[in-house]
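Asker: Read in order, the letters of the sequence shown correspond to residues 16 to 177 in the working numbering.
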Amino acid sequence: MQKNNTPSTLQLTETCRTSTMAEELKLYGMWASPFGQRIELALKLKGVPYECIEEDLSNKSPSLVKYNPVHMKVPVLDSYQRAMARFWARFIDEKILPTVWKANFCEGEETELVIEEVRKHIKILEKELNGKDFFGGSSIGFVDIAGIVVAFWFQLTQDVWS
Ligand SMILES: N[C@@H](CCC(=O)N[C@@H](CS)C(=O)NCC(=O)O)C(=O)O
């Protein structure tokens with residue numbers, strides 16, 4: 016460490032291959048990935064301990080596919096529950112909410128297309144829910160609350176416009 020506790024350049028440039036810490040936070044990466052290196056740099060600057068898991072991108076691990084089911088790319092940070100909650104809340108905000116909103120303003124054939132798009136997104140979300148009562152398991156959480164608000168507005172706008 017340098018005088019002010021800033022890690023040295025050498026420490027910052029350590030790659031997945033040399034990290035030996037078995038900590039709670041896992042980083043799925045690939046040594047040459049600039050996106051993964053960014054995450055490593057940030058974790059090291061913040062002094063957050065993590066375990067690095069090297070991925071073979073031509074033969075992705077079941078964990079990578081499970082943790083990043085839509086893009087299946089590295090990097091993935093597995094403080095898993097929290098990261099997934101953020102991912103799915105964002106999916107609701109950026110995919111479902113705008114499409115539901117759009118459904119209120121289109122007419123004729125376009126309405127069918129937009130509703131089909133909403134269905135497609137909801138199916139993806141249902142697959143993630145996988146029969147559970149809540150996204151996080153047995154109790155209500157961040158993603159459920161994000162989803163409930165969309166359902167509320169959908170119902171409200173349907174009532175107002177119909
Ligand atoms: N913007 C994305 C980019 C991720 C990305 O492109 N990762 C590449 C490695 S550098 C990857 O996993 N490629 C595998 C693939 O596309 O199947 C991020 O920052 O997460």
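Ideal placement from N, C-alpha and C gives every residue a C-beta, glycine not left out.
Inspect the CB distances between the segment 65-77 and the segment 111-131 and report whether three or more fall short of 8 Å.
Answerer: no
Asker: When you compare only the Cα positions, how much space is there between Ile-163 and Phe-120?
Answerer: 21 Å
Asker: Assuming Tyr-95 is part of the alpha helix (DSSP H), what are its boundary residues?
Answerer: 95-106
Asker: Whole angstroms are fine: how far does the CA of Tyr-43 sit from the CA of Pro-77?
Answerer: The C-alpha of Tyr-43 is placed about 12 Å away from the C-alpha of Pro-77.
Asker: Please tell me whether Leu-5 and Ser-94 are closer than 8 Å, where the distance is taken between their beta carbons.
Answerer: What the structure shows of the chain is the stretch from 16 to 177, and residue 5 is not part of that stretch, so it cannot be assessed.
Asker: Does Met-36 come out as helix, strand or coil in the three-state DSSP assignment?
Answerer: Its pLDDT being 38, under 50, Met-36 is placed unreliably by the model, and the measurement read from it follows with that caveat. It is coil, neither helix nor strand.
Asker: Within its chain, find whatever has a CB closer than 7 Å to the CB of Val-85; leave out the 5 residues flanking it on each side and keep chain order.
Answerer: Taken in chain order, the list of residues that qualify is empty.
Asker: What does the Cβ neighbour count give for Asn-83, buried or exposed, with the cut at 16 atoms within 10 Å?
Answerer: buried
Asker: From Asn-145 to Val-165, what distance separates their C-alpha atoms?
Answerer: 20 Å
Asker: Any idea if Ala-161 is buried or exposed, counting beta-carbon neighbours within 10 angstroms, 16 or more meaning buried?
Answerer: buried
Asker: For a test of the three-state rule: what should DSSP assign to Val-63, helix, strand or coil?
Answerer: coil
Asker: Pick helix, strand or coil for Phe-169, following the three-state DSSP scheme.
Answerer: helix
Asker: DSSP beta-bridge partners for Tyr-43?
Answerer: The partner list for Tyr-43 (beta bridge, DSSP) reads Ile-68 and Val-91.
Asker: Can you pull the DSSP bridge partners for Gly-152?
Answerer: Phe-149
Asker: Is the Cβ-Cβ distance between Thr-172 and His-136 less than 8 Å?
Answerer: For the pair Thr-172 and His-136, the CB atoms are not nearer than the 8 Å cut-off.
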